[in-house]
Amino acid sequence: MASSRPRIVLSAAMSIDGKIATKTGDSELSSRQDKTRVHRLRAKADAIIVGIRTVNVDDPLLTVRYTRGKNPTRIVLDSFGTILPSSRIIKTANKVPTIIAVSKKAPKKNLAKLVRYPVKILIAGQNKVELKKLLNILYEQKIKTILLEGGGTLNWEFIRHGLVDELIVTIAPYIVGGKDAITLVEGNGFSKILYSPKLKLHKIARQNNEIVLHYYS
Ligand SMILES: NC(=O)c1ccc[n+]([C@@H]2O[C@H](COP(=O)([O-])OP(=O)(O)OC[C@H]3O[C@@H](n4cnc5c(N)ncnc54)[C@H](OP(=O)(O)O)[C@@H]3O)[C@@H](O)[C@H]2O)c1
């Protein structure tokens, strides 16, 4: 791992058939026990990263609630600065440290709206948020460990750039189906298995009716 970027742990819950949400965006796959496990991971991380579509579809809080612990900084990758003021992340930004990462293409009027809220705006990249640039800035700001909480598009970008150090995936006992349902990793995908990272299986944990897989890169 390069020492000039934070350690990235990809965390997700997927169905047996690899979907992280249904075609309508319902992503309620995790059990209470799994949520507690994830919230323990959150409490140990310096930050959580998500893509703007996850914010738009799930309207998550991304805080530590199912266990005790500090809230990590929430980082939303939002190239054009479109996050809604009505989102729970913006509404709670006065209580939980929040970064909105945008690109140079973010319209001035969107940025003018965003600066009214207690969020930190980081500009990293020309047309969309450039991950390596962003991670270098975050590392300089003492963010050393990040939980990557999706969605599928963001997961692909991190994986294709070799930026995932650990992957912790819960297999929930559902079969979702549907070609339009988001999978764990979206994007273009690798054309050959040879190009895909070969991960090392570190741990398998049975959690009642779920399995938690833990891989290192
Ligand atoms: N089960 C789970 O564990 C889980 C976890 C999270 C999400 N989900 C589900 O996943 C779905 C959303 O996933 P998604 O794939 O549609 O979207 P996503 O990965 O959440 O967000 C993708 C968006 O992020 C923005 N972005 C900014 N910089 C980027 C970069 N460098 N690389 C990639 N994207 C970048 C892009 O929009 P701009 O160009 O506008 O910036 C892009 O369209 C939702 O249905 C949610 O419920 C499930």
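For what it's worth, the working numbering labels the leading residue of the sequence shown as 84, then goes sequentially.
Ideal Cβ positions, reconstructed from N, Cα and C, are used throughout, including at glycine.
For VAL140, the three-state secondary structure derived from DSSP is helix.
By the neighbour-count definition (other C-beta atoms within 10 Å, threshold 16), GLY235 is a buried residue.
Counting only residues of its own chain and dropping the five nearest sequence neighbours on each side, LYS102 has a CB closer than 7 Å to the CB of VAL259, ALA264, ILE265, THR266.
The beta carbons of GLY108 and VAL138 sit no closer together than 7 Å. Your pair ILE251 and SER94 checks out as a contact, with CB atoms roughly 5 Å apart and the cut at 8 Å. Pairing LEU277 with LEU205, the inter-Cα distance amounts to about 35 Å.
Taken through DSSP and simplified to helix, strand or coil, THR150 comes out as coil. The residues GLY235, THR236, TRP239, in chain order, have a CB closer than 6 Å to that of GLU269 in the same chain once the five nearest residues on each side in sequence are set aside. Along the length of the segment 215-267, whole alpha helix (DSSP H) runs at least 4 residues long occupy 235-243, reported in chain order. Ligand 1 has a heavy atom closer than 6 Å to the beta-carbon of VAL140. For VAL198, the closest C-alpha among the options LEU167, LEU214, GLU223 is that of LEU167. The secondary-structure analysis by DSSP pairs ILE103 with nothing; it has no beta-bridge partner. Where VAL121 is concerned, the enclosing alpha helix (DSSP H) starts and stops at 115-127. Counting along the chain, ALA288 sits inside the beta strand (DSSP E) bounded by residues 283-290.
Remark: the C-beta of ALA96 is in contact range of ligand 1, defined as less than 6 Å to any heavy atom. It is roughly 21 Å from the alpha-carbon of LYS174 to the alpha-carbon of LYS191. Under the DSSP assignment, ARG199 falls outside any alpha helix (DSSP H); it carries neither an H nor an E label.
Excluding sequence positions up to five before and after LEU144, its CB lies within less than 6 Å of the CB of ARG171, all in the same chain and listed in chain order. Note on ILE287: under 16 other CB atoms within 10 angstroms of its CB, so exposed under the neighbour-count rule. Only residues of its own chain outside the window of five on either side were considered, and among them SER162, PHE163, GLN209, ASN210, LYS211 have a CB closer than 8 Å to the CB of LYS188, listed in chain order. DSSP, reduced to helix, strand and coil, places LEU296 within a strand of the structure shown.
The bridge partners DSSP lists for THR181 are ARG157.
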